[in-house]
Structure formats: C-alpha cells, structure tokens
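**Student:**
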Amino acid sequence: MTTRVAVVGGGLIGLAVAWRCVQRGLDVTVYDAEEDKASTVAAGMLAPASEIQSGEQALQDLLRSGARRWPDFAAELARATGIELGYRDEGTLIVALTDDDLREVRRLCGLYERAGQPVHALTAQQLREREPLLTPRVRGGAYAPQDRQVDPRRVLAALRQAIGDRIVPRKITDLSIVDADVTVVAAGIGTRSLTGLPVRPVKGQTVRLTAPARPIRHVIRGYARSRTVYLVPRHDGELVIGATEEERGVDTSVTAGGVLDLLRPAADLLPEIVEYPVREIRAGLRPGTPDNAPILGALKAGVIVAAGHYRNGVLLTPVTADLVADLVATGVPPEQLKPFAPDREALWT
Ligand SMILES: Cc1cc2nc3c(=O)[nH]c(=O)nc-3n(C[C@H](O)[C@H](O)[C@H](O)COP(=O)(O)OP(=O)(O)OC[C@H]3O[C@@H](n4cnc5c(N)ncnc54)[C@H](O)[C@@H]3O)c2cc1C
11 MTTRVAVVGG
21 GLIGLAVAWR
31 CVQRGLDVTV
41 YDAEEDKAST
51 VAAGMLAPAS
61 EIQSGEQALQ
71 DLLRSGARRW
81 PDFAAELARA
91 TGIELGYRDE
101 GTLIVALTDD
111 DLREVRRLCG
121 LYERAGQPVH
131 ALTAQQLRER
141 EPLLTPRVRG
151 GAYAPQDRQV
161 DPRRVLAALR
171 QAIGDRIVPR
181 KITDLSIVDA
191 DVTVVAAGIG
201 TRSLTGLPVR
211 PVKGQTVRLT
221 APARPIRHVI
231 RGYARSRTVY
241 LVPRHDGELV
251 IGATEEERGV
261 DTSVTAGGVL
271 DLLRPAADLL
281 PEIVEYPVRE
291 IRAGLRPGTP
301 DNAPILGALK
311 AGVIVAAGHY
321 RNGVLLTPVT
331 ADLVADLVAT
341 GVPPEQLKPF
351 APDREALWT
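Quick note, our numbering runs 10 ahead of the 1-based positions in the sequence shown.
1. When you compare only the Cα positions, how much space is there between Arg30 and Ala331?
2. Consider the C-beta atom of Gly206 and the heavy atoms of ligand 1; say whether any pair is separated by less than 7 Å.
3. Take Leu87 and list the residues in its own chain whose beta-carbon comes closer than 6 Å to its own, dropping the five residues that flank it on each side.
4. For a test of the three-state rule: what should DSSP assign to Pro281, helix, strand or coil?
5. Can you tell me whether Ala154 is buried or exposed, with buried defined as 16 or more other CB within 10 angstroms of its CB?
6. Report the rounded CA-to-CA distance for Val178 versus Gln159, giving the unit in angstroms.
7. Taking 8 Å as the cut-off, decide whether the C-beta atoms of Arg14 and Asp175 are in contact.
8. By Cβ distance below 6 Å, which residues in the same chain neighbour Gln171 in space, the five residues on each side in sequence not counted?
9. Could you have a look at Gln127 and say whether DSSP puts it in helix, strand or coil?
10. State the start and end residues of the unbroken beta strand (DSSP E) segment that holds Val17.
11. Going by C-alpha distance, which of Leu72, Val17 and Leu25 is nearest Pro344?
12. What's the gap between the Cα of Arg252 and the Cα of Leu103?
13. Would you say Asp111 reaches chain C, if we count a Cβ-Cβ gap shorter than 8 Å as a contact?
14. Give me the residue from Arg354, Arg227 and Ala53 with the minimum Cα distance to Gly101.
15. Going by DSSP, what residue range makes up the alpha helix (DSSP H) through Gln135?
16. Measuring straight from C-alpha to C-alpha, what distance separates Gly206 and Gln135?
17. Count Cβ pairs between the region 215 to 232 and the region 304 to 314 that sit closer than 8 Å; are there 3 or more?
18. Using the C-alpha atoms, what's the distance from Val288 back to Asp261?
19. Do Ile230 and ligand 1 come close, with the Cβ less than 7 Å from some heavy atom?
20. Give me, in chain order, the residues of the same chain whose beta-carbon lies closer than 6 Å to that of Ala131; leave out the 5 immediate sequence neighbours on both sides.
21. Which term fits Thr220, buried or exposed, when burial requires 16 or more other beta carbons within 10 angstroms of its beta carbon?
22. Which residue from Tyr320, Val313, Asn322 and Gly126 puts its Cα closest to that of Val334?
23. Does the beta carbon of Pro81 fall short of 7 Å from some heavy atom of ligand 1?
24. How many angstroms separate the CA atom of Ser173 from the CA atom of Gly150?
25. Here's the rule: buried if 16 or more other CB atoms are within 10 angstroms of the residue's CB, otherwise exposed. What is Pro222?
26. Go ahead and pull the three-state DSSP assignment for Val188.
27. Note down the Cα distance separating Phe350 from Ala16, rounded to an integer number of angstroms.
28. Cβ of Leu107 within 8 Å of Cβ of Thr327?
29. Helix, strand or coil for Arg180, going by three-state DSSP, please let me know.
30. With a threshold of 7 Å, establish whether the CB of Leu219 neighbours any heavy atom of ligand 3.
31. Gly268 to Asp189, Cα distance in whole Å?
32. Express the C-alpha separation of Met11 and Ala59 in angstroms, rounding to a whole number.
33. Report the residue from Asp301, Leu121, Ala77 and Ile93 whose alpha carbon sits nearest the alpha carbon of Ala57.
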C-alpha cells in the first residue's frame, strides 16, 4: 500500500519536501494555515559562507550542500512548471564605506575563505567599475563569485504548481488528528506549538523598491558606519533591501526605526535609491533555534520535523527536501541529517 504522508506547513520547506515525496511515489497531502510565511519575505540570497558566523562544521557542510544542489533544483523546478525562478549567478559584492567597515569586510572575507569559498579583494575603483552607481566614497571591498540568488516568491509559486491539488488550506492544532502514516512538521515558527521544540520567531523587516531598470547587477552586501545591509536586485526592477534582526516574539509590524536602519546605510552606499518608489515594506519571522541550525529528523514514530532554518531556509530548501524525503521514504535517516536531530543536546542547553 502507498505510504500516506501529511506535510504540515506550506512554506518553501514544506512544499519542497512534499514535491520530492510526490516524486518518490508517495501519497502526499499538505496542510497549510495560510498565515504569514518567512518564505514570502525572504530576500533569496544563496550565500553559504556569508551567513556563517559560527564554527559549526555540520551546519557549514549542510549550507554548502544546499548551495551545490540549487542549480539542478532550480533547473528541474523551472522545467517542470515553466515558471522562471529568478535564479541568478552574478555573485555578491561586499562593500565598505569607512575604514572601520573595511576591517569588518576583511573579517567576513576570512569567513568566506575558511568556508572554502574564494573571494577577491577589490579596490574602491574596481567596485565602481562593476557597479557605477556605488557612491564614490566607498573605501573598498570584495567579490564573492560563487554566491547566487533566487526569488523565493517565484519558487513558492512553482512548488505550489508542481504539487498541484495536494494542498489543503487548514491549520493543524494537534498532530494526533492528522490521518497519515508519516507526518512531516514543516510549520516554520508554528512548529513550537505542534511539537514543543524550541523554534522561536526572529523578526526581519525588509523594504522593496521599484528601480527604473536593472540599477545594479550584483547582490550588494554593504557595511556603512557599522550598519549592515544587503541590496538584492531582481530582473523585474525590484530591489530588495534587508533585513533587520529583532527578538520581539510574534510581531510583524513595520517600524520607522527598522526602515531607517535599512534605508540609511542603503542610501549611503547607493545614493540614487532615494529616487525610487517604495513597492512594499514588510516584516517576516525567521524560525530560529538555540544553535542556529535547523531541526531535521524523526521526533517520534510517524512524526518527522523539518523546521528551524532561521536565516538560511531558502539556501537549504533543496538539501532539506532531498534528505527529508529520503527519510520519509525509507525510514532511515541519511548520515547528513544526524547532527540536526530533534533530540540533540544543543537545542536544550
Ligand atoms: C527578512 C528575511 C530575510 C530572509 N532572507 C533569506 C535569504 O536571503 N536566504 C535564505 O536562505 N533565507 C532567508 N530567510 C530565511 C527563510 O525565509 C526561512 O528560513 C524559510 O523561509 C523558512 O521556511 P519554512 O517553510 O520553514 O517556514 P515558512 O515560510 O514560515 O512557512 C511555514 C508555513 O507553515 C504554516 N503553518 C504554521 N503553523 C501551522 C499549523 N499549525 N498548521 C498548518 N500550517 C501551519 C504557515 O502558515 C506557513 O505557511 C529570510 C527570512 C526573513 C524573515
């Protein structure tokens, strides 16, 4: 008999796991509360090294594995659905406005190098040759050629199409009422109330502007007077500026201070943006965990968790989907999942 799989949560993680399970011939239903998703607010940077702040080897390996799988995942999903995902490979420019900022950029470049991602130091002039709209005041920076980006809203739309009519709009309040052989909890910040696992909301505000034509080609990760900001250009002229990082519980309000923290350094680096119309200002809730690593694996018989992807859920979507679908299909956890088990000590200390 075909295994019946319920996926609770229709963000990027739940939908990608569902897609891979469907491809393995399983009978899949997705339950989605249709509440705010981190996945619709995310910038979509696929930057395995720039996000690494800890020395945690297993997480670094997983991030790299996520990055390696993205090109094929994007090509396969785009082919299956005909939806263009905004997958781009121009890389990231890391830009410093002051001498102090340049010191911070050099530290970040060290993280890239240690994570096995080459970066090339660039002078202020070289930066402006690549991006002429950068302020002449930039001090220097670097180029990370292997970083990628994708538009998470397009990926969500494509995944929804790929799994067709298997999505049921319903909030699950108790896992015991789910009628399935295996239930995968991929409910983002909703995972805590369903499982008791320590997943907490970490608020991130973003501003989306409408640029006249592609004003910049690269993702820019900027350091301006000790403030950090990123600017992510999309093909359709959208320019995503992000993101704050706030511990405020379940709060998706947008604030003047949050917007200022984004627009001030962004305009310091790229003065022309003050002319661009505002398209959207929005906050999302990253599903954070005590050790900043996702929770992936069996919680108890018949219940698997795929949650807590914090700042890297877009990057980790393909690898999470592959490994969790393997676990669902075989009942055996792939080796790479083991460090992320729900019963690991780091979640509770
Ligand atoms: C501002 C911001 C910028 C980011 N930028 C990046 C980036 O550049 N790169 C990157 O890799 N990551 C980024 N992230 C992180 C990334 O967005 C998340 O890690 C990822 O989207 C998490 O996906 P998810 O599917 O687990 O959760 P979500 O997208 O939050 O989806 C969870 C889903 O579960 C549903 N749900 C919850 N409870 C229940 C329930 N009880 N029953 C049924 N359904 C339920 C919700 O309605 C929701 O649809 C960013 C996040 C934010 C907020």
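C-beta atoms are modelled at their ideal positions from N, C-alpha and C, and glycine is treated no differently.
**Tutor:** By the coordinates alone:
1. By one-based count along the sequence shown, residue 30 stands at place 20. By one-based count along the sequence shown, residue 331 stands at place 321. Going from the Cα of Arg30 to the Cα of Ala331 covers about 6 Å.
2. Walking along the sequence shown from the start, residue 206 turns up at place 196. No.
3. Within the sequence shown, numbered from 1, the residue matching residue 87 stands at position 77. Once the five neighbours on either side are set aside, the close Cβ partners of Leu87 are Ala168.
4. What you label residue 281 is simply residue 271 of the sequence shown in a count that begins at 1. In this structure, Pro281 counts as helix in the three-state DSSP scheme.
5. Along the sequence shown, read from residue 1 onward, the residue named residue 154 stands at position 144. Classification for Ala154: buried.
6. Working through the sequence shown from its first residue, we reach residue 178 at position 168. Working through the sequence shown from its first residue, we reach residue 159 at position 149. In a straight line, the C-alpha of Val178 is about 30 Å away from that of Gln159.
7. Numbered from its first residue, the sequence shown carries residue 14 at position 4. Numbered from its first residue, the sequence shown carries residue 175 at position 165. In terms of Cβ geometry, Arg14 and Asp175 do not form a close pair [threshold 8 Å].
8. Stepping through the sequence shown from its first residue, residue 171 is reached at position 161. Excluding sequence neighbours, Gln171 sits near Thr91.
9. Against the sequence shown, residue 127 aligns to sequence position 117. Under the three-state reduction of DSSP output, Gln127 falls in the coil class, being neither helix nor strand.
10. Numbered from its first residue, the sequence shown carries residue 17 at position 7. In the DSSP annotation of this structure, the continuous segment of the beta strand (DSSP E) that includes Val17 starts and ends at Arg14 to Val18.
11. Locating residue 344 in the sequence shown gives position 334, where the first residue counts as 1. Looking at the Cα atoms, Leu72 is the closest of the given residues.
12. As a first step, residue 252 must be located in the sequence shown, where it is residue number 242. As a first step, residue 103 must be located in the sequence shown, where it is residue number 93. One point to set straight first is that residue 252 is Gly, not Arg, in the sequence displayed. If you draw a straight line from the Cα of Gly252 to the Cα of Leu103, it is about 15 Å long.
13. Absent here is chain C; the protein component of the structure consists of one chain.
14. For this step, residue 101 is matched to residue 91 along the sequence shown. Closest option to Gly101, judged by alpha-carbon separation, among Arg354, Arg227 and Ala53: Arg227.
15. The residue labelled residue 135 in the question sits at position 125 within the sequence shown. Residue range Ala134 to Arg140 is occupied by the alpha helix (DSSP H) that includes Gln135.
16. Residue numbering aside, residue 206 sits at position 196 when the sequence shown is read from its first letter. Residue numbering aside, residue 135 sits at position 125 when the sequence shown is read from its first letter. Answer to the nearest angstrom: the Cα atoms are 52 Å apart.
17. Short answer: they don't touch.
18. On the sequence shown, residue 261 is found 251 positions in, with the first residue counted as 1. On the sequence shown, residue 288 is found 278 positions in, with the first residue counted as 1. The straight-line gap from Cα to Cα measures roughly 22 Å.
19. Translated into positions along the sequence shown, residue 230 becomes position 220. No, ligand 1 has no heavy atom inside 7 Å of this Cβ.
20. Taking the first residue of the sequence shown as 1, we reach residue 131 at position 121. Closer than 6 Å at the Cβ level, and outside the excluded window around Ala131, lie Ala152.
21. In the sequence shown, the residue the question calls residue 220 occupies position 210. Classification of Thr220: exposed, given that the 10 Å Cβ count is below 16.
22. The count along the sequence shown starts at 1 and reaches residue 334 at position 324. Nearest C-alpha to Val334 among Tyr320, Val313, Asn322 and Gly126: Val313.
23. As a first step, residue 81 is located in the sequence shown; it is residue number 71 there, counting from the start. False, no ligand heavy atom lies under 7 Å from that Cβ.
24. Taking the first residue of the sequence shown as 1, we reach residue 173 at position 163. Taking the first residue of the sequence shown as 1, we reach residue 150 at position 140. The sequence shown places Ile at residue 173, rather than the Ser named in the question. About 46 Å.
25. The residue you call residue 222 lines up with position 212 of the sequence shown. Exposed: under 16 other Cβ atoms inside 10 Å.
26. If you number the sequence shown from 1, residue 188 lands on position 178. For Val188, the three-state secondary structure derived from DSSP is coil.
27. Here residue 350 refers to the residue found at position 340 of the sequence shown. Here residue 16 refers to the residue found at position 6 of the sequence shown. Going from the Cα of Phe350 to the Cα of Ala16 covers about 21 Å.
28. Stepping through the sequence shown from its first residue, residue 107 is reached at position 97. Stepping through the sequence shown from its first residue, residue 327 is reached at position 317. A distance of 8 Å or more separates the beta carbons of Leu107 and Thr327.
29. For the purposes of this step, residue 180 is taken as the residue at position 170 of the sequence shown. Here Arg180 sits in coil by DSSP.
30. For ligand 3, the structure offers nothing, since it holds only ligand 1.
31. For the purposes of this step, residue 268 is identified with residue 258 of the sequence shown, where counting begins at 1. For the purposes of this step, residue 189 is identified with residue 179 of the sequence shown, where counting begins at 1. Taking the straight line from one Cα to the other gives about 43 Å.
32. Here residue 59 is taken as the residue at index 49 of the sequence shown, counted from 1. Here residue 11 is taken as the residue at index 1 of the sequence shown, counted from 1. For Ala59 and Met11, the distance between alpha carbons rounds to 43 Å.
33. Working through the sequence shown from its first residue, we reach residue 57 at position 47. Comparing Cα positions, the closest option is Ala77.
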